[in-house]
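*Asks:* To start, I am sharing the structure in question, which I have written as structure tokens.
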Amino acid sequence: MLMEYRRHSEQVPADLGCSALETAFIELDLTTSDCKIAYDRVEKWARTEKAPFNINFAPFRPIGAIAAGNCFVLKSSELSSKTSCLIDTDESRLFIAPTVVHSVKGDDSLELFGPVLPVVPVKDLDAAIEFINARGYPLALYVFSHDASSKNNVFDNTQSGSAVANDTLVHCATDGFPFGGIGASGSGSHTRKFTFDMFTHLRSCSILHPGSIRFSEAPYSVNFSLR
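Residue numbers (our numbering): 152 to 378.
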């Protein structure tokens, strides 16, 4: 933009119908300044930040029952011919046992909100990452591996509401961590201060000093200066 400053200063007024002074102050100088600020600070903005709160783990009860009876339980044979139950299902208590469904097709679109784990075979880790990125971003992403580079590879090349290595649900039970989705899995962050911030409007307030009227009110003189 700096190299083509003169050409832009001629074309922008013609395209937008604004004055040369407005073009210089708003369209070119401010845009150039914003780009420079973003370029100088993008690494800092993208840097990983530690949670500024005390980290305490709160235990969750192992709940597998369906509240209020608003759902029904499918038999294993109705889920898939390759479904395995880890524990017997007690339909009288509206309880779904932990269930593993393997050899699932990648184009299935059922949303699961219970102890049912579909297993989709993939060739390697890169194929798994490609599979994740080809769909809506998940609410949570779990990686189980003792290899640090593999975990970092998944975290760095995918997006999700939360990401956990070698465990599940601890991000929900960790005091001070935000909980929320991204894209198809939701938006915003919840829990404590994050909930407060999400429902808080950050209002900008400007208090003008006497000299500011020289900038906000036309006409401008030939020798106009903010100083």
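We treat Cβ as the ideally placed atom computed from N, Cα and C, and that holds for glycine.
#1: Runs of 4 residues minimum, wholly inside the stretch 285-325: which ones carry the alpha helix (DSSP H) assignment?
#2: For Val273, which residues of its own chain have a beta-carbon under 8 Å away from its beta-carbon, when the five flanking residues on both sides are left out?
#3: Three-state secondary structure (DSSP) at Leu276?
#4: What separation, rounded to the nearest whole angstrom, lies between the Cα atoms of Gly265 and His159?
#5: With a Cβ-Cβ cutoff of 9 Å, do Val305 and Val321 count as a contact?
#6: How many angstroms separate the CA atom of His341 from the CA atom of Gly334?
#7: Have a look at Ala248, Leu263, Pro269 and Ser260 and flag the residue whose alpha-carbon is nearest the alpha-carbon of Ser254.
#8: Near Thr319, what residues of its chain come up, given a Cβ to Cβ distance below 7 Å and the 5 sequence neighbours on each side ignored?
#9: Among Ser301, Asp348 and Lys256, which has the Cα closest to the Cα of Ala316?
#10: What is the DSSP secondary structure of Leu268, counted as helix, strand or coil?
#11: Using the rule of at least 16 other Cβ atoms within 10 Å of the residue's Cβ for burial, across every protein chain shown, is Ser184 buried or exposed?
#12: Taking the beta carbon of Val193 as the centre, do at least 16 other beta carbons fall within 10 Å, making it buried, or is it exposed?
#13: In whole angstroms, what separates the C-alpha of Asp180 from that of Gly168?
#14: Could you tell me which of Gly257, Leu263, Asp258 and Asp259 sits nearest to Thr250, measuring between CA atoms?
#15: Do you know whose CA, among Phe345, Asn303 and Ala175, lies nearest Asp326's CA?
#16: Hey, how far is the Cα of Asp275 from the Cα of Thr309?
*Replies:* So, to answer that:
#1: For the stretch 285-325, whole alpha helix (DSSP H) runs of length 4 or above, ordered along the chain, are 299-308 and 321-324.
#2: Ala279 and Phe282, listed in sequence order.
#3: If DSSP states are grouped into helix, strand and coil, Leu276 belongs with the helices.
#4: Between the alpha carbons of Gly265 and His159 lies a gap of roughly 57 Å.
#5: Result no, Cβ atoms of Val305 and Val321 do not sit closer than 9 Å.
#6: Using only the alpha carbons, I get a separation of about 15 Å.
#7: Sorting Ala248, Leu263, Pro269 and Ser260 by C-alpha distance to the C-alpha of Ser254 places Pro269 at the top.
#8: So the list reads Tyr293, once near-sequence residues are dropped.
#9: Nearest Cα to Ala316 within the set Ser301, Asp348 and Lys256: Ser301.
#10: Strand, per DSSP.
#11: With fewer than 16 Cβ atoms within 10 Å of its Cβ, Ser184 is classed as exposed.
#12: Counting other Cβ atoms within 10 Å of its Cβ, Val193 stays below 16 and is therefore classed as exposed.
#13: Each residue's alpha carbon lies about 17 Å from the other.
#14: It is Leu263 whose Cα lies nearest to the Cα of Thr250.
#15: Minimum Cα distance to Asp326 is reached at Phe345.
#16: Each residue's Cα considered, the two are about 15 Å apart.
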